[in-house]
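These notes are about the structure you will find just below.
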Amino acid sequence: MAALGLRRTDRDKPVLSIDDPGLHVVVWSYDDTEAASAALARATAWKPDEPAVLRHHLALPSDVVDTARALLTSDEWTLRPGGRGDDLCVPGSTPLVALRVQRLDALHCSQETSRMAGLAQRHGGETFGWDALQPAAE
């Protein structure tokens, strides 16, 4: 629950799943120079009071994917093949997406972006931005 950033009173509500088929992208930042606050400010479909699935798109050399997965799993991230790196990564790299359910705010988006960039840099990879998904409005 810590990654979700939920208060004790929120625990009775259903928890969002990274595999929810009703999710759609509500905010994105694929430009390294764009501040998370600017991305969130322009996001008209984003519901700030509800959890979202934050996705970071990256590519890593194939031989370090398991190491990266172990590092991220300890903080409730799921690392899967795919993401924007499918078309953008250099040959020999594995395109990946790191996913986690959490509340979105500019500070935490920025911190996680920095963390993913550091992870990629330390392991010879690259990042391609982030996006967040929430259920469609009812």
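At position 101 of the sequence shown (counting the first as 1) the number is 100 in numbering that gives the first Met the number 0, and the numbers step up by one without a gap. Backbone N, C-alpha and C fix where the C-beta goes; we use that ideal spot for every residue, glycine too. In this text the structure is predicted, and so the values were computed from the model without any measurement.
On the criterion of 16 or more Cβ atoms from any shown chain inside 10 Å, does A97 qualify as buried, or is it exposed?
Residue numbering aside, residue 97 sits at position 98 when the sequence shown is read from its first letter. Classification of A97: buried, given that the 10 Å Cβ count is 16 or more.
Provide the residue span of the beta strand (DSSP E) that contains A58, from first to last.
Here residue 58 corresponds to residue number 59 of the sequence shown, with the count starting at 1. Start and end: 51 to 60.
Please classify M0 as buried or exposed, where buried requires at least 16 neighbouring CB atoms within 10 angstroms.
Numbered from its first residue, the sequence shown carries residue 0 at position 1. Low local confidence applies: a pLDDT of 45 at M0 is under 50, so the model's placement there is unreliable, with the coordinate-based value given in what follows. Result: exposed.
Would you identify the three-state DSSP class for H23, choosing helix, strand or coil?
The sequence position of residue 23 within the sequence shown is 24, counting from 1. Three-state result, H23: strand.
So, using beta-carbon positions, are Q156 and A51 closer together than 8 Å?
What the structure shows of the chain is the stretch from 0 to 137, and residue 156 is not part of that stretch, so it cannot be assessed.
Using only CA atoms, which one of A44, S73, G84 lies nearest to T126?
Your numbering for residue 126 matches position 127 in the sequence shown. Measuring from the Cα of T126, the nearest candidate turns out to be G84.
Taking the beta carbon of T43 as the centre, do at least 16 other beta carbons fall within 10 Å, making it buried, or is it exposed?
Working through the sequence shown from its first residue, we reach residue 43 at position 44. Classification for T43: exposed.
On the DSSP letters alone, give me the boundaries of the beta strand (DSSP E) that V96 sits inside.
Sequence index remark: in the sequence shown, residue 96 carries index 97 (1-based). That run of the beta strand (DSSP E) goes 92 to 101.
Taking C-beta to C-beta, are P94 and A58 nearer than 8 Å?
Working through the sequence shown from its first residue, we reach residue 94 at position 95. Working through the sequence shown from its first residue, we reach residue 58 at position 59. Cβ atoms of P94 and A58: closer than 8 Å.
Check for me: the beta strand (DSSP E) holding L78 runs from which residue to which?
On the sequence shown, residue 78 is found 79 positions in, with the first residue counted as 1. 77 to 80 is the span of the beta strand (DSSP E), which, as asked, contains L78.
Go ahead and pull the three-state DSSP assignment for A1.
The sequence position of residue 1 within the sequence shown is 2, counting from 1. Reliability of the predicted coordinates at A1 is poor, the pLDDT of 48 falling under 50, and the value obtained from them is presented with this limitation in mind. If DSSP states are grouped into helix, strand and coil, A1 belongs with the helices.
Who are the Cβ neighbours of R79 in its own chain at under 6 Å, not counting the five residues just before and after it?
Translated into the one-based positions of the sequence shown, residue 79 becomes position 80. So the qualifying residues of the chain are V96.
By the 10 Å Cβ neighbour count, where 16 or more other Cβ atoms means buried, how is A131 classified, buried or exposed?
Taking the sequence shown and counting its residues from 1, one reaches residue 131 at position 132. The residue is buried, with at least 16 neighbouring Cβ atoms inside 10 Å.
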